[in-house]
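K.L.:
Input: one structure, supplied below.
Residue numbers (the working numbering), protein chains in the order written: chain A, 55 to 428; chain B, 3 to 355.
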């Protein structure tokens, strides 16, 4: 069985200079509903958490696509569906022209080694009873890969690549700090020469001074090895730094996607505006003012998401049409190629301060109104 | 806003002295591995109605400092030296009974994770009213009215019915709002917010930060705001204290510290952070290495193993002697003022745009 699995660089290794337009991964209408069971005495399905509900994405060869959104918007689930750690409810995942949506274990085996994952928490994603060497080696063992010079040599090379001392081969994870552990996670993901890495919040568990180390490492890996990334994070500044294209998710749907410049400087979807305006920034000179938008409340429950546009319950521009008709993800006039927005009433493409702040939060509004009167 | 009379008689404020003053605070924990010097010689002041921001990485002692102010440490394993004076009252040597009278009344805390800080067993309303009844001797009815009023103030919809809900029925943002309401129940003079928005989403974080700012204007409390996020602190604090390995390394007004930082650690923090409007092609400059263990912190300046500028200091000053932090706007570093100025202008400022 292991013979047909040894596929480190199968089908036409395009290691040279891959054209950026080539699509590596294509996701269409990806859906994941987690069933909720209830009732007595016979439990039956009473509803579903619509974690991901019709997501379309493409990741080009060697490209980094950032996926941002608040907790519960389905970005991690999307990542896990793409790596097939979860079984999709619907939709299509195409990897290099091969449909892997419901591929069987055997069919998936060669693809699995090309799509790797980096997890968020470096403390729970490494087995405390295994040495660093065996953690990084095990993907190669599972896939029956025998690199030239032996697996141990490869592991040492990987350790060096991610900036760890190769002599630490026999150490255990607890002997490393958080940032070093995340480097071990990166080395493990690189062990199989992947084409795509799904990085699920790879730096959010780390300290500020360590974050930059890991971001730089990932950037180096991307540049040198030409690996495509699906970079899932909630920190908009980190995503902007790392990803050429960015998709913004809200409640299981992509609401806006485009190149970095478009999303950060010319956003059209109100949610993207709100998200950008909420990012706390180190700004001591208050020369150029950015817009200030304060939404009210939290993200609605994905068990019974709002009809039509899902953002309408927190949107200041919502009208009747938003409740009845779901806005399609399309290119709005005036937008660049590839900049798609799902909104009936898009905003102006600027992030500069508005004439009047949008403050939807009732408590904030009350406090600010009373302060203004005095 | 109803002003409620406090049960304890507060001594008249003695001149323009600071409201809370911490002097040379040392906190040590004895653990199996040895003695952890969590806080090592920390001094700061907070004025009434002002916000002091404390930034630092995990393990820099910022939370420990504030738990010590509230007297929430384990007395069996902790040794505390130094002075904490709140409005003329010494807290380090104060009896547990006196502290009890202050906690939740004159000083209150907002914790990081509202789900673990609220008891799942009691209704939100009960958790809000209880300290109020204890401290003011109010009746159940009065406490309920006050709690409902506070819940409304922090923006919980239908506060009358939400009063009887349990924490699990609240969303994350609402729980944090309830925590803020709880902290403000007794109209405290000092509010300690320990990473109050770290567990929240950005849009909710922005709401909570603005809410805290507006509430402070209304209540006039002093706030100690602890966070690791320089962006958050830039919007919140009047003064700033940068902590590293249990010590303050830089102090000053927020504008000064973030606009013209003068400690290598602060430089490192600022240049390792990606910005929304920064240059994309510019690589981030991380601080090398990792934070030191507090079991045996480095000798001399605790930052010297990670410092990129220590070779500019003559001799072995950095490894031998600990740089003092002068009062006022200062940085604890052996570099001379001119050196700092040149380094900042040549190397740091371009990166900060």
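Backbone N, C-alpha and C define an ideal beta-carbon position, used for all residues, glycine too.
It should be emphasised that the depicted structure is a prediction, and the values quoted were computed from it without experimental measurement.
Three or more beta-carbon pairs under 8 Å between the stretch 303-318 of chain B and the stretch 228-243 of chain B, yes or no?
P.N.:
These segments do not touch.
K.L.:
What is the rounded straight-line gap between the Cα of residue 297 of chain A and the Cα of residue 106 of chain A?
P.N.:
Numbered from 1 along the first chain, position 243 holds the residue referred to as residue 297 of chain A. Numbered from 1 along the first chain, position 52 holds the residue referred to as residue 106 of chain A. Each residue's Cα considered, the two are about 22 Å apart.
K.L.:
Evaluate residue 155 of chain B with the Cβ neighbour count: other Cβ atoms within 10 Å of its Cβ, from every protein chain shown; 16 or more gives buried, anything less gives exposed.
P.N.:
Taking the first residue of the second chain as position 1, residue 155 of chain B is located at position 153. Answer is buried; the Cβ neighbour count reaches 16.
K.L.:
Near residue 194 of chain B, what residues of its chain come up, given a Cβ to Cβ distance below 8 Å and the 5 sequence neighbours on each side ignored?
P.N.:
As a working mapping, residue 194 of chain B is identified with position 192 in the second chain. Excluding sequence neighbours, residue 194 of chain B sits near 68, 71, 72, 109, 110, 111, 112, 225, 226 and 228.
K.L.:
Give the interface partners of residue 393 of chain A over in chain B, defined as CB-CB distance under 8 Å, in chain order.
P.N.:
Residue numbering aside, residue 393 of chain A sits at position 339 when the first chain is read from its first letter. Correct list: empty, because the minimum Cβ distance to chain B is about 17 Å.
K.L.:
Spatial neighbours of residue 243 of chain B within its chain, please: CB distance less than 6 Å, with the 5 preceding and 5 following residues excluded, ordered by chain position.
P.N.:
By one-based count along the second chain, residue 243 of chain B stands at place 241. 46, 56, 250 and 253.
K.L.:
Indicate the three-state DSSP secondary structure (helix, strand or coil) for residue 304 of chain A in the structure shown.
P.N.:
By 1-based counting over the first chain, the position of residue 304 of chain A is 250. Strand, per DSSP.
K.L.:
What runs of the alpha helix (DSSP H), each 4 residues or longer, lie entirely inside the stretch 212-244 of chain A?
P.N.:
If we require 4 residues or more, the alpha helix (DSSP H) runs fully inside the stretch 212-244 of chain A come out as 232-244.
K.L.:
With DSSP collapsed to three states, give me the class of residue 22 of chain B.
P.N.:
Position 20 of the second chain, counted from the start, is the residue given in the question as residue 22 of chain B. Correct three-state label for residue 22 of chain B: strand.
K.L.:
Quick one: which chain A residues come within Cβ less than 8 Å of residue 207 of chain B?
P.N.:
Mapped onto the second chain, residue 207 of chain B falls at position 205. Going along chain A in sequence order, the residues near residue 207 of chain B (Cβ under 8 Å) are 332 and 334.
K.L.:
Quick check for students: name the residue ranges of the alpha helix (DSSP H) that lie wholly in the stretch 98-158 of chain A, counting only runs of 4 or more.
P.N.:
With a minimum length of 4 residues, the continuous alpha helix (DSSP H) runs that stay inside the stretch 98-158 of chain A are 129-136.
K.L.:
Would you check if the distance between the CB atom of residue 239 of chain A and the CB atom of residue 172 of chain A is smaller than 8 Å?
P.N.:
On the first chain, residue 239 of chain A is found 185 positions in, with the first residue counted as 1. On the first chain, residue 172 of chain A is found 118 positions in, with the first residue counted as 1. Their beta carbons are under 8 Å apart, which means residue 239 of chain A touches residue 172 of chain A by this criterion.
K.L.:
Leaving out the 5 sequence neighbours to the left and right, which residues in its chain are closer than 7 Å to residue 297 of chain B when beta-carbon positions are compared?
P.N.:
Your numbering for residue 297 of chain B matches position 295 in the second chain. Once the five neighbours on either side are set aside, the close Cβ partners of residue 297 of chain B are 35, 36 and 38.
K.L.:
Name the two residues that bound the continuous alpha helix (DSSP H) containing residue 37 of chain B.
P.N.:
Locating residue 37 of chain B in the second chain gives position 35, where the first residue counts as 1. Where residue 37 of chain B is concerned, there is no enclosing alpha helix (DSSP H), although the beta strand (DSSP E) it sits in stretches over 36-48.
K.L.:
Starting from residue 196 of chain B, trace the beta strand (DSSP E) in both directions and tell me its first and last residue.
P.N.:
Sequence index remark: in the second chain, residue 196 of chain B carries index 194 (1-based). Where residue 196 of chain B is concerned, the enclosing beta strand (DSSP E) stretches over 192-196.
K.L.:
By DSSP, does residue 231 of chain B sit in helix, in strand, or in coil?
P.N.:
Position 229 of the second chain holds residue 231 of chain B. Looking at residue 231 of chain B - three-state DSSP - the assignment turns out to be coil, as it is neither helix nor strand.
K.L.:
By the criterion of Cβ-Cβ separation under 9 Å, what are the contact partners of residue 287 of chain B in chain A?
P.N.:
Translated into the one-based positions of the second chain, residue 287 of chain B becomes position 285. 266 and 270, listed in chain order.
K.L.:
Does DSSP put residue 223 of chain B in a helix, a strand or coil?
P.N.:
By one-based count along the second chain, residue 223 of chain B stands at place 221. Coil.
K.L.:
How close, in whole Å, do the beta carbons of residue 257 of chain A and residue 292 of chain A come, if the pair is a contact with beta carbons under 8 Å?
P.N.:
Along the first chain, one-based indexing puts residue 257 of chain A at 203. Along the first chain, one-based indexing puts residue 292 of chain A at 238. Confirmed, Cβ separation roughly 6 Å.
K.L.:
If you draw a straight line from the alpha carbon of residue 102 of chain B to that of residue 134 of chain B, how long is it in whole angstroms?
P.N.:
Position 100 of the second chain, counted from the start, is the residue given in the question as residue 102 of chain B. Position 132 of the second chain, counted from the start, is the residue given in the question as residue 134 of chain B. Approximately 13 Å between the Cα atoms of the pair.
K.L.:
Around the C-beta of residue 384 of chain A, are 16 or more other C-beta atoms found within 10 angstroms, so that it is buried, or is it exposed?
P.N.:
Numbered from 1 along the first chain, position 330 holds the residue referred to as residue 384 of chain A. Under this definition residue 384 of chain A is an exposed residue.
K.L.:
When you compare the CB positions of residue 117 of chain A and residue 282 of chain A, do they come within less than 8 Å of one another, or not?
P.N.:
Locating residue 117 of chain A in the first chain gives position 63, counting from the first residue. Locating residue 282 of chain A in the first chain gives position 228, counting from the first residue. It is a contact, given that the beta carbons lie within the stated cut-off.
K.L.:
Give the residues of chain A in contact with residue 292 of chain B, contact being defined as C-beta atoms less than 7 Å apart.
P.N.:
Locating residue 292 of chain B in the second chain gives position 290, where the first residue counts as 1. In chain order: 231, 233 and 264.
K.L.:
Taking 6 Å as the limit between beta carbons, can you name the residues of its chain near residue 131 of chain A, skipping five residues before and five after?
P.N.:
Residue 131 of chain A sits at position 77 when you count from the first residue of the first chain. The residues are 86, 105 and 106.
K.L.:
Which of the three DSSP states is assigned to residue 91 of chain A in this structure?
P.N.:
Counted from its first residue, the first chain places residue 91 of chain A at position 37. Residue 91 of chain A: strand per DSSP, three-state reduction.
K.L.:
When you compare the CB of residue 372 of chain A with every CB in chain B, is at least one pair closer than 8 Å?
P.N.:
Taking the first chain and counting its residues from 1, the one referred to as residue 372 of chain A is at position 318. Not one chain B Cβ lies under 8 Å of residue 372 of chain A.
K.L.:
Residues of the stretch 207-241 of chain B in Cβ contact with chain A at a cutoff of 8 Å, in chain order, please.
P.N.:
If the cut-off is 8 Å between Cβ atoms, the stretch 207-241 of chain B has 207, 208, 209, 211, 212, 213, 216, 217, 219, 220, 230, 231, 232, 233, 234, 236 and 237 near chain A.
K.L.:
Whole-angstrom Cβ separation of residue 346 of chain A and residue 289 of chain A, contact assumed at under 8 Å?
P.N.:
Counting from 1 along the first chain, the entry for residue 346 of chain A is found at position 292. Counting from 1 along the first chain, the entry for residue 289 of chain A is found at position 235. Contact doesn't hold; Cβ gap of about 20 Å is too wide.
K.L.:
Spell out whether any CB of chain B is found under 8 Å from the CB atom of residue 71 of chain A.
P.N.:
Taking the first chain and counting its residues from 1, one reaches residue 71 of chain A at position 17. For residue 71 of chain A, the predicted structure reports a pLDDT of 38, less than 50, and the residue's modelled location is therefore unreliable. The matter cannot be settled from this model.
K.L.:
When you compare the CB of residue 246 of chain A with every CB in chain B, is at least one pair closer than 8 Å?
P.N.:
The residue labelled residue 246 of chain A in the question sits at position 192 within the first chain. Closer than 8 Å: no.
K.L.:
Where does residue 191 of chain A land, buried or exposed, given buried means 16+ other C-beta within 10 angstroms?
P.N.:
One-based indexing of the first chain puts residue 191 of chain A at position 137. Burial call: buried.
K.L.:
With distances taken from CA atoms, which of A/259, A/400 and A/388 is nearest residue 372 of chain A?
P.N.:
By one-based count along the first chain, residue 372 of chain A stands at place 318. When each option's Cα is compared against that of residue 372 of chain A, the closest is A/400.
K.L.:
Exposed or buried, what is residue 183 of chain A when buried is set at 16 or more other beta-carbons lying within 10 Å of its beta-carbon?
P.N.:
By one-based count along the first chain, residue 183 of chain A stands at place 129. Label assigned to residue 183 of chain A: exposed.
K.L.:
What's the gap between the Cα of residue 207 of chain B and the Cα of residue 176 of chain A?
P.N.:
As a first step, residue 207 of chain B is located in the second chain; it is residue number 205 there, counting from the start. As a first step, residue 176 of chain A is located in the first chain; it is residue number 122 there, counting from the start. Taking the straight line joining both Cα atoms gives about 25 Å.
K.L.:
Let me know if residue 55 of chain A comes out buried or exposed under the rule of 16 or more other beta-carbons within 10 Å of its beta-carbon.
P.N.:
Here residue 55 of chain A is taken as the residue at index 1 of the first chain, counted from 1. Confidence at residue 55 of chain A is low in this model, with a pLDDT of 40, below 50, so its placement is unreliable and no value can be given for it.
K.L.:
What does the Cβ neighbour count give for residue 379 of chain A, buried or exposed, with the cut at 16 atoms within 10 Å?
P.N.:
Translated into the one-based positions of the first chain, residue 379 of chain A becomes position 325. By the 10 Å Cβ count, residue 379 of chain A comes out exposed.
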